[in-house]
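Engineer:
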Amino acid sequence: MKVTDVKVYPLVQPLEIKSFAFSQTWVTGRQVTIVVISTDEGIEGCGEAFGPAQALARTIETFCAPRILGQDPFNTDVIWDSIYRPYRHNSQKGLLCEALSAVDIALWDIKGKATGQPVYNLLGGAFRDRAHAYATGLYRPMAEDPKAALIEEALGYKDAGFFAMKYKMGTVSVEEDLEILGAIRDAIGWDTTLMVDANCAYDAAEAVWLAREMEDLEIYWFEEPLPPEDLDGYVELKNSTTIRIAAGECEMTRFGFRELIARRCVDILQPDAGICGGITEFQKITAMASAWNTQIVPHVWGTNIAIAAALHCYAAIPHIPGKINPPEPFFEFDRSPNPLREGATHEKFTAVDSYIDIPKTPGLGVTVDKDFLKAHAVQ
Ligand code: CA
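Here this note's numbering is used: the first residue of the sequence shown is 19, the next is one more, and so on.
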């Protein structure tokens, strides 16, 4: 089998009054880059990358596509190496690695469809057939009374059956964040798991102080408290609090994750298959995490294609550590406004009592809606 065509769809959709903020920026629109790879046997695969859509599309079209046309899609490691290695100056972190991620995911989709197997079977089999989903939301809203809006949103997740949810902190002062967090805890009670995500908003001293304040609120994990470059700060923070420290969505490739893992910077790793180098690289990161006894919770913030890719990676994560009755890893289920999420595929994912079924059909188990892609693609 040979790759015959690579088509890219940079999708952009404004959010207008549904715009929201996290600690680094207001999100006034959602964007995503979807790639569809065709073969001479009529099998097509789809992939997705996280990042600036138009720049990623150009990178895939002009850089990745010429290197995979004519290649056998089963050679995922060989193709990965052919794009990453000769261009290390550019590919270690950033757009080229994200572009490679989308291409790699599409190749795994093709491999699954060609063999009639769901991707997780090609990764060594599923340790679980459903994902324990938590709600990612609770961003800073464009509301007259943000605190009231956040409490209402949190109660909505609880009513929808989510066992856990995540609050995005760092858009306001630490005092205001703690007040809102306390109000959310009061509203949802103590039987719902609550995490926080700062998207790299603090230095180590502030994060250590905040973590101590949040211990009384039984915060399950503190996500991206520090910028990803401050690995020593992560170690300092992790050794100073009983709250689990999570990070990894900004990290790329096994080489980048090696530092996070071996230096014991975090308790929970959050690789994103659409960022870190695709399913090929996610699997290698998983093997390292297992060797260092560090848990993995996939990061996902894209369309149903990204969710599907993450679900297959998640299915194949071994229990870290294993035991007779191991708890299942959490699975990120982004509930923030994203009109592209549902439109990109014909299949939809829903969480019932906080669980999402992992697709069992060949490949990723989703089919792209090409009419939707064409309608929302920008130049
Ligand atoms: Ca995050």
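Ideal Cβ placement from N, Cα and C applies to all residues, glycine included.
Considering only heavy atoms of ligand 1, does any lie closer than 7 Å to the CB of residue 269?
Structural biologist: Not so, every heavy atom of ligand 1 lies at least 7 Å from the Cβ.
Engineer: Helix, strand or coil: how does DSSP classify residue 320 here?
Structural biologist: Residue 320 falls in the coil class under three-state DSSP.
Engineer: Which parts of the segment 320-355 are runs of the beta strand (DSSP E), unbroken and 3 residues or longer, counting only runs that do not cross its ends?
Structural biologist: Runs of the beta strand (DSSP E) inside the segment 320-355: 348-352.
Engineer: Using only CA atoms, which one of 190, 264, 260 lies nearest to residue 243?
Structural biologist: The shortest Cα separation from residue 243 among 190, 264, 260 belongs to 264.
Engineer: Mind checking whether the beta-carbon of residue 217 lies closer than 7 Å to any heavy atom of ligand 3?
Structural biologist: Although ligand 3 was asked about, the structure shown includes only ligand 1 as ligands.
Engineer: Report the CB separation of residue 169 from residue 123 in whole angstroms; it is logged as a contact under 8 Å.
Structural biologist: Actually they are not in contact, since the Cβ atoms of residue 169 and residue 123 sit about 37 Å apart, beyond 8 Å.
Engineer: Rounded to the nearest angstrom, what separates residue 96 and residue 253 at their Cα positions?
Structural biologist: Those two C-alpha atoms are separated by around 35 Å.
Engineer: Of all the options 273, 230, 50, which has the alpha carbon lying nearest to the alpha carbon of residue 255?
Structural biologist: For the residues 273, 230, 50, the minimum Cα distance to residue 255 belongs to 230.
Engineer: State yes or no: is the C-beta of residue 242 nearer than 7 Å to some heavy atom of ligand 1?
Structural biologist: Because some heavy atom of ligand 1 lies under 7 Å away, the Cβ of residue 242 counts as near it: yes.
Engineer: Let me know if residue 330 comes out buried or exposed under the rule of 16 or more other beta-carbons within 10 Å of its beta-carbon.
Structural biologist: With 16 or more Cβ atoms within 10 Å of its Cβ, residue 330 is classed as buried.
Engineer: Nearer than 7 Å: is that true of the beta carbon of residue 394 relative to any heavy atom of ligand 1?
Structural biologist: For ligand 1, not one heavy atom lies less than 7 Å from the Cβ of residue 394.
Engineer: Buried or exposed for residue 394, going by 16 or more other Cβ atoms inside 10 Å?
Structural biologist: The residue in question, residue 394, is buried, as its Cβ has 16 or more Cβ neighbours within 10 Å.
Engineer: Nearer than 7 Å: is that true of the beta carbon of residue 107 relative to any heavy atom of ligand 1?
Structural biologist: Residue 107 Cβ: outside cutoff for every heavy atom of ligand 1.
Engineer: Give the DSSP bridge partners of residue 67, in chain order.
Structural biologist: DSSP, once it has assigned bridges, lists 51 as partnering residue 67.
Engineer: Among 27, 215, 250, which residue has its Cα nearest to the Cα of residue 288?
Structural biologist: For residue 288, the nearest C-alpha among the options comes from 215.
Engineer: Could you check whether the Cβ of residue 330 sits closer than 7 Å to any heavy atom belonging to ligand 1?
Structural biologist: No - ligand 1 has no heavy atom lying nearer than 7 Å to the Cβ of residue 330.
Engineer: If we ignore side chains and look at the alpha-carbon of each, how far apart do residue 397 and residue 28 end up?
Structural biologist: Distance between the alpha carbons of residue 397 and residue 28 is about 7 Å.
Engineer: Where DSSP assigns a beta bridge to residue 150, which residues make up the other side?
Structural biologist: 348, 373, per the DSSP bridge assignment.
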